[in-house]
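Reviewing the structure listed below.
Residue numbers (my numbering), protein chains in the order written: chain A, 1 to 249; chain B, 1001 to 1308.
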């Protein structure tokens, strides 16, 4: 079974973003970039499926600037077999990205597409579902467990009230939630080996997709700051303040 | 301009999130229709019809819609969606599952987790885990949004008298519902509770959460947790408050043994009053707390329970 994993280059999880002084966007100059954490979980899940003998080949695809090769190499070092970079400097909106991925799916014919449920830059949580709609594939979103059995997948989903299990025929799309697995670190020998794994360069135009935009960024502002409060000395004082000052008890 | 709001419900009860979403629709302005899709959900449609500002309720019932699976819901919303200027759903795990699917079928982009309506085509939403608020203007023919319910005050549940109309629903489904394990609790729902008591890594283990449950029961509060507490296995994930969990904005939020990682703050900083109890006086949670108590939580929480 072939597994396709989509990954995105985003700001590193540990970096605190700042809004530019002119409110035009967030400041990404000289900021450390990395693979989106939910995408790492998707790569890890694919590698585990391969280790179990369920997956035979893992293809990792990214859409973005040339430097996104770094994130593909990271995925290759974690155990993916080959990479595809769909190179573009366009502003990435979910629908165009889903259309590019659909073209890749048609070319590669994977049985399973694994992707993060959202990226930590735009926090959209849309692309997997959109790809499902465009390809007509079923979707198991926000997955905390994936069990592949023959031509079926049973996906346990994290929903608001708890967990929900759904079953679907392959090919299918699964988007990952945090508790699906804990991604491994790449070992040095595997990082060296990843440099020799194939990485195909292509473009949206090569795939017959036009990158369009329908959303114009008007402004970006920092979130409202809370006024610093007071320290109380005891539980009694706390209860008194909550009852008589804040009036919430 | 007619706006379609998709109701959040469990076939027997209309969820409060729908009323918050209706408030976002009212902020956009226009005629508002509500879609109730499910199976045996007539009572839900009746409730939706009496919500303020609703002019029509569409009811679609079929076996495939019983569990509101993303594929069947996406197909249905896309089928009727081209008639509307806007389509809104609450940003719950249900809305987030089916609405992008409908958007792609209608060949438009969408906006997730909208927290502000500036005009009929300009909306604000958090990006980078809530560290920035982006305002976008969209040129899409149909504006499709999921709405962060804590950002909009619910419309009145009573006062409307909308017409109810049954619409055709397909019975085909490409995924199959297997089972569901929902947390059973007499406590209020985390996202709708007036008071939330949350525990973090400082609780040290799952058993110690009993302390928080006792306090919560006395206050009629819900219990939440930080991601650190969930990752450590103290409590299940559906208690998680934060960017990757639930977004809450209660009248009173009590953070117990929570350091205040940015991703946790993203989930609770819109609460009206925040209390932090932590023995580390340098903990970042104190920077957002209205009242901070530097104390050993194992002494402070039982004392608090006695005094409230």
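Ideal Cβ placement from N, Cα and C applies to all residues, glycine included.
Please check the pair residue i and residue j, which I expect to be a contact at CB under 8 Å, by giving their CB distance rounded to whole angstroms.
i: residue 1189 of chain B; j: residue 1222 of chain B; result: 7 Å
i: residue 1008 of chain B; j: residue 1092 of chain B; result: 6 Å
i: residue 1196 of chain B; j: residue 1250 of chain B; result: 5 Å
i: residue 1273 of chain B; j: residue 1290 of chain B; result: 5 Å
i: residue 104 of chain A; j: residue 46 of chain A; result: Not really, about 15 Å apart at Cβ, beyond 8 Å.
i: residue 15 of chain A; j: residue 31 of chain A; result: 6 Å
i: residue 75 of chain A; j: residue 33 of chain A; result: Contact doesn't hold; Cβ gap of about 14 Å is too wide.
i: residue 239 of chain A; j: residue 112 of chain A; result: The pair is not a contact, with the Cβ atoms about 54 Å apart (cut-off 8 Å).
i: residue 146 of chain A; j: residue 174 of chain A; result: 6 Å
i: residue 1044 of chain B; j: residue 1013 of chain B; result: 7 Å
i: residue 64 of chain A; j: residue 88 of chain A; result: 7 Å
i: residue 1112 of chain B; j: residue 124 of chain A; result: 5 Å
i: residue 153 of chain A; j: residue 170 of chain A; result: 6 Å
Applying the 10 Å Cβ sphere with the 16-neighbour rule, what's the burial state of residue i?
i: residue 115 of chain A; result: buried
i: residue 1021 of chain B; result: buried
i: residue 1205 of chain B; result: exposed
i: residue 1171 of chain B; result: exposed
i: residue 1211 of chain B; result: buried
i: residue 187 of chain A; result: exposed
i: residue 1259 of chain B; result: buried
i: residue 1167 of chain B; result: exposed
i: residue 7 of chain A; result: buried
i: residue 40 of chain A; result: buried
i: residue 185 of chain A; result: exposed
Within the same chain, show all residues whose beta-carbon is closer than 8 Å to that of residue i, passing over the 5 residues directly before and after it, in chain order.
i: residue 20 of chain A; result: 26, 27 and 220
Can you list, in chain order, the residues of its chain whose CB lies under 7 Å from that of residue i, leaving out five sequence neighbours each side?
i: residue 1213 of chain B; result: 1223
i: residue 1019 of chain B; result: 1051, 1154, 1155 and 1157
i: residue 135 of chain A; result: 102 and 105
i: residue 1160 of chain B; result: 1049, 1050, 1051, 1052, 1053 and 1054
i: residue 48 of chain A; result: 181
i: residue 1265 of chain B; result: 1288
Taking 6 Å as the limit between beta carbons, can you name the residues of its chain near residue i, skipping five residues before and five after?
i: residue 1135 of chain B; result: 1124
i: residue 1241 of chain B; result: 1198, 1224, 1248, 1267 and 1268
i: residue 90 of chain A; result: 211
i: residue 1078 of chain B; result: 1102, 1105 and 1106
i: residue 1151 of chain B; result: 1115
i: residue 43 of chain A; result: 5, 75 and 78
i: residue 138 of chain A; result: 168 and 172
Checking the sheet assignment: what are the DSSP bridge partners for residue i?
i: residue 1137 of chain B; result: A/216 and B/1122
i: residue 1112 of chain B; result: Bridge partners of residue 1112 of chain B: none, in fact.
i: residue 200 of chain A; result: A/84
i: residue 175 of chain A; result: A/115
i: residue 1286 of chain B; result: DSSP, once it has assigned bridges, lists no residue as partnering residue 1286 of chain B.
i: residue 1199 of chain B; result: B/1225 and B/1256
i: residue 148 of chain A; result: A/153
i: residue 169 of chain A; result: A/152
i: residue 1291 of chain B; result: A/230 and B/1275
i: residue 1177 of chain B; result: A/166
i: residue 64 of chain A; result: A/87
i: residue 7 of chain A; result: A/62
i: residue 188 of chain A; result: The partner list for residue 188 of chain A (beta bridge, DSSP) is empty, contrary to what the question assumes.
i: residue 1009 of chain B; result: B/1014
i: residue 34 of chain A; result: A/10
i: residue 1061 of chain B; result: B/1038
Mind pulling the chain E residues with CB within less than 8 Å of residue i?
i: residue 1126 of chain B; result: No chain E is part of this structure, whose protein chains are labelled A and B.
Mind listing which residues of the region 115-140 of chain A have their C-beta closer than 7 Å to chain B's C-betas, in chain order? 120, 121, 122, 123, 124, 125, 126, 129, 130, 132, 133, 134, 138 and 139
Members of the region 1131-1148 of chain B near chain A, C-beta cut-off 8 Å: 1131, 1132, 1133, 1134, 1135, 1136, 1137, 1138, 1139 and 1140
In the region 15-46 of chain A, which residues sit with their C-beta less than 7 Å from some C-beta in chain B, listed in chain order? 16, 17, 19 and 26
Compile a chain-ordered list of the residues in the region 1269-1297 of chain B whose CB is closer than 9 Å to at least one CB of chain A. 1269, 1270, 1272, 1273, 1274, 1275, 1276, 1277, 1281, 1286, 1287, 1288, 1289, 1290, 1291, 1292, 1293, 1294 and 1295
If the cut-off is 7 Å on Cβ atoms, which residues from the region 150-176 of chain A count as contacting chain B, listed in chain order? 154, 158, 159, 160, 161, 162, 163, 164, 165, 166, 167 and 168
Interfacial residues, the region 1158-1177 of chain B to chain A, with Cβ spacing under 8 Å: 1174, 1175, 1176 and 1177
Quick one: which residues of the region 1066-1084 of chain B get their C-beta closer than 9 Å to a C-beta of chain A? List them in chain order. 1067, 1069, 1070, 1071, 1074, 1075 and 1078
If the cut-off is 8 Å on Cβ atoms, which residues from the region 212-225 of chain A count as contacting chain B, listed in chain order? 214, 215, 216, 217, 218, 219, 220, 221, 222 and 223
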